[in-house]
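A.B. asks: Quick one: structure below, then a few questions.
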Amino acid sequence: MYLKYGLCSRHESRVVVHLNAVSLSVLLFASASAFVEELDNSFMKTKAKDEIWLITFYAPWCTMCKHLDPVWHQIGSELKSLGSPVNVGQSDATVNNDLSKEFRVRNYPAILMLKKGVKYNYSGPRTKEGILDFADRIGGPLVRSLYSLQLFQHAMSRHNILIVYVGATSQLKNVSLPSLPAVVIFKDGTFVIYNEERDGDLKMWVNRERFPNYSKIDSYTLYAMGESGKLVVLAVVQEKILCEQSLRYKALVERVAADHREAYNRNFYFGFMEGSDYINGLVMSEVTMPTFIMLNLSNDGYFLPPGALETEQHLLDFLDGVLDGSIQCQGGNGVGQRVRRIIYDVKVTLTPIFSQAPLLGCALFGLPLTIIATLCYLCCRVQPTVNDDDDQGIALLAPSLQHRKKIRNKKSD
């Protein structure tokens, strides 16, 4: 009796623990969901003027939107727990058409911030850390005062790149400023001072220098680098397990970026990219990894090395060849290239369908073609024909006209 009672109690306790775990999960999800508001077309009329919003637009059929959903709720929960003034919302762009048109949403998931009537688009990686950093930068004051060296060091510990305006006596150690006021960008363990005569427009200079000299680069980062005006030197390597050659290529690019910074910093960014999907679409062919490639983001062009780059000198020769024009740019965004890209995109879309389900592919594309061909054939067959026979011509006329034509025919006879 005691053993049976003990077994039942143990089983019941397991059930209770399981139910408690399920209830806790439901409560956690509900609490996280409570910090993300579902927005509709009335949002622009009902929101307060001074509110700051972090918004994502999604579509129910979008796979990336589904992957982002749990991350988005974590972001809402964390911002609320930190006491951030940023409100987090989401909107179904397929339902709330007026709101999505207001923000000119074209791709999903679209992430943006709304602050004082100004929209800020986010084009970085769809990660919790990246989006939180974006919200912190845009949600806070545009310019933050650093009253002491300690505040500056704290800011440097949180940001890889810091743009500082120095308008008074500098308290920064190991930083020698030729004159004040000055604009300085701190990155890569060093700093760059703005010189109006050498660097030109301040905004363009910030766009050129606002990325690390060497970093991991993805498609979102490349999109943001488009305004920098610099060429991007990439080592394209495998996504997960890196072979010895991939590690050597990464180290080679990093070493050139560090050791020859003064010579090439004005013209190049350096980095590595994991996976070749983006590069395959750019060059419109399969790229063998690991490899080197240089991108011209201003016109979707690219440069390929003339031979294998195995040493530092080989890579330097490649950079110099691009600068002096001996290595020609390929690709681009001309009319012919755009037509090729359309054909390539269609090929990439259709190839998996015919390779994985050939019968389905034939049905999807063969049936419409058959219908169109049939309609064209029927249109060609059903054409009005002209017959010279007078009786058939008379039969097509009205009765009064038929009588008149018969009288004229008799007179002519």
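Residue numbers (full-length UniProt numbering): 1 to 413. All C-beta atoms, glycine included, are put in the ideal place defined by N, C-alpha and C.
1. Please list the terminal residues of the continuous beta strand (DSSP E) segment that includes Ser215.
2. Output needed for Lys116: all residues of its chain with C-beta closer than 7 Å, excluding positions within five of it in sequence on either side, in chain order.
3. Distance, Cα to Cα, Phe303 vs Glu262?
4. Kindly give me the distance between the Cβ atoms of Pro109 and Asn160, rounded to whole angstroms, as I take these residues to be in contact under 8 Å.
5. May I have the straight-line CA-CA distance separating Val292 from Gln238, to the nearest angstrom?
6. Is it buried or exposed for Tyr165, if we count other Cβ within 10 angstroms and need 16 for buried?
7. Does the separation of the CB atoms of Leu231 and Met273 fall below 7 Å?
8. In terms of alpha-carbon separation, which member of Asp136, Tyr122 and Trp205 lies closest to Ile163?
9. With burial defined as no fewer than 16 other Cβ atoms inside 10 Å of the residue's Cβ, what is the status of His73: buried or exposed?
10. Among the residues of its own chain, which have a CB less than 7 Å from the CB of Asp388, if the five just before and after it don't count?
11. Return the bridge partner residues of Ala182 from the DSSP annotation.
12. To the nearest angstrom, how far is it from the Cα of Ala21 to the Cα of Glu78?
13. Kindly provide the ranges of any beta strand (DSSP E) runs that are 3 or more residues long and lie completely inside the stretch 72–108, ordered along the chain.
14. What runs of the alpha helix (DSSP H), each 4 residues or longer, lie entirely inside the stretch 186–274?
15. I need the DSSP call for Met64, collapsed to helix, strand or coil.
16. So, with DSSP's three-state summary, where would you put Leu112?
17. Between the Cα of Lys187 and those of Phe318, Glu37, Leu68 and Arg208, spot the shortest distance and give me the residue it belongs to.
18. Pick from Leu149, Arg158 and Ser157: whose alpha carbon is nearest that of Val175?
19. Counting only the same chain and skipping the five closest in sequence on each side, list residues whose C-beta sits under 8 Å from that of Met64.
20. Rounded to whole angstroms, what's the CA-CA distance from Ser100 to Thr221? Just pull it up for me.
21. Within 10 angstroms of its Cβ, does residue 473 collect 16 or more other Cβ (buried), or is it exposed?
22. According to DSSP, which residues form a beta bridge with Thr291?
23. Within 10 angstroms of the Cβ of Met225, are there 16 or more other Cβ atoms? Answer buried if so, exposed if not.
24. Just list the residues that DSSP pairs Thr311 with in beta bridges.
25. When you compare the CB positions of Ile75 and Ile131, do they come within less than 7 Å of one another, or not?
26. Touching or not, the stretch 251–267 and the stretch 332–351, by the rule of three or more beta carbon pairs under 8 Å?
27. Look at the Cβ atom of Tyr249, then the Cβ atom of Pro305, and state whether they are nearer than 7 Å.
28. From the DSSP output, read off the bridge partner residues of Lys49.
29. Does DSSP put Gln330 in a helix, in a strand, or in coil?
30. Relative to the alpha-carbon of Gly167, which residue among Leu180, Ser157 and Arg158 has its alpha-carbon at the smallest distance?
31. How would you label Val233, buried or exposed, when you count the other beta carbons within 10 angstroms and need 16 or more for buried?
C.D. replies: On the basis of the coordinates in this document:
1. For the purposes of this step, residue 215 is taken as residue 215 along the sequence shown, with counting starting at 1. Note, Ser215: beta strand (DSSP E), Tyr214 to Lys216.
2. Taking the sequence shown and counting its residues from 1, one reaches residue 116 at position 116. Cβ neighbours of Lys116 beyond the five flanking positions: none.
3. Taking the first residue of the sequence shown as position 1, residue 303 is located at position 303. Taking the first residue of the sequence shown as position 1, residue 262 is located at position 262. Cα-Cα distance, rounded: 22 Å.
4. Numbered from its first residue, the sequence shown carries residue 109 at position 109. Numbered from its first residue, the sequence shown carries residue 160 at position 160. Actually they do not touch by this definition, with Cβ atoms about 25 Å apart.
5. Here residue 292 refers to the residue found at position 292 of the sequence shown. Here residue 238 refers to the residue found at position 238 of the sequence shown. According to the sequence displayed, residue 292 carries Phe and not Val. Between Phe292 and Gln238, the C-alpha separation is close to 13 Å.
6. In the sequence shown, residue 165 corresponds to position 165, counting from 1. The residue is exposed, with fewer than 16 neighbouring Cβ atoms inside 10 Å.
7. Start at 1 with the first residue of the sequence shown, and residue 231 comes out as number 231. Start at 1 with the first residue of the sequence shown, and residue 273 comes out as number 273. Cβ atoms of Leu231 and Met273: not closer than 7 Å.
8. Taking the sequence shown and counting its residues from 1, the one referred to as residue 163 is at position 163. Of Asp136, Tyr122 and Trp205, the residue nearest in Cα terms is Trp205.
9. For the purposes of this step, residue 73 is identified with residue 73 of the sequence shown, where counting begins at 1. Looking at its Cβ environment, which holds 16 or more other Cβ atoms inside 10 Å, His73 is buried.
10. Here residue 388 refers to the residue found at position 388 when the sequence shown is read from its first residue. In this prediction, Asp388 scores a pLDDT of 48, lower than 50, which makes its location untrustworthy; no coordinate-derived value is stated.
11. Taking the first residue of the sequence shown as 1, we reach residue 182 at position 182. According to DSSP, which records beta bridges pairwise, Ala182 is partnered with Val166.
12. The residue given as residue 21 occupies position 21 in the sequence shown. The residue given as residue 78 occupies position 78 in the sequence shown. Residue confidence for Ala21 is low, a pLDDT of 43 falling below 50, so the modelled location carries little weight; the figure read from the coordinates is stated next. Straight-line Cα distance between these residues: approximately 22 Å.
13. 86–92
14. 196–199, 202–209, 219–225, 244–259 and 261–264
15. In the sequence shown, the residue the question calls residue 64 occupies position 64. If DSSP states are grouped into helix, strand and coil, Met64 belongs with the helices.
16. For the purposes of this step, residue 112 is identified with residue 112 of the sequence shown, where counting begins at 1. If DSSP states are grouped into helix, strand and coil, Leu112 belongs with the strands.
17. Start at 1 with the first residue of the sequence shown, and residue 187 comes out as number 187. Taking only the C-alpha atoms, the option nearest Lys187 is Arg208.
18. The count along the sequence shown starts at 1 and reaches residue 175 at position 175. The shortest C-alpha separation from Val175 is found at Leu149.
19. Residue mapping note: residue 64 aligns to position 64 of the sequence shown, counting from 1. Tyr108, Pro109 and Arg126, listed in sequence order.
20. Numbered from its first residue, the sequence shown carries residue 100 at position 100. Numbered from its first residue, the sequence shown carries residue 221 at position 221. Those two C-alpha atoms are separated by around 24 Å.
21. In the structure as shown, the chain starts at 1 and stops at 413, and residue 473 therefore has no counterpart that could be examined.
22. In the sequence shown, counting from the first residue as 1, residue 291 sits at position 291. Val236, per the DSSP bridge assignment.
23. Taking the sequence shown and counting its residues from 1, one reaches residue 225 at position 225. Classification for Met225: buried.
24. As a first step, residue 311 is located in the sequence shown; it is residue number 311 there, counting from the start. DSSP output for Thr311 lists no bridge partner at all.
25. By one-based count along the sequence shown, residue 75 stands at place 75. By one-based count along the sequence shown, residue 131 stands at place 131. Yes.
26. no
27. Stepping through the sequence shown from its first residue, residue 249 is reached at position 249. Stepping through the sequence shown from its first residue, residue 305 is reached at position 305. No.
28. For the purposes of this step, residue 49 is taken as residue 49 along the sequence shown, with counting starting at 1. Per DSSP, none; premise fails for Lys49.
29. To locate residue 330, count along the sequence shown from 1; it is residue 330. Gln330 falls in the strand class under three-state DSSP.
30. The sequence position of residue 167 within the sequence shown is 167, counting from 1. Residue Leu180 is the option with its Cα nearest to Gly167.
31. Position 233 of the sequence shown holds residue 233. Per the 10 Å Cβ criterion, buried.
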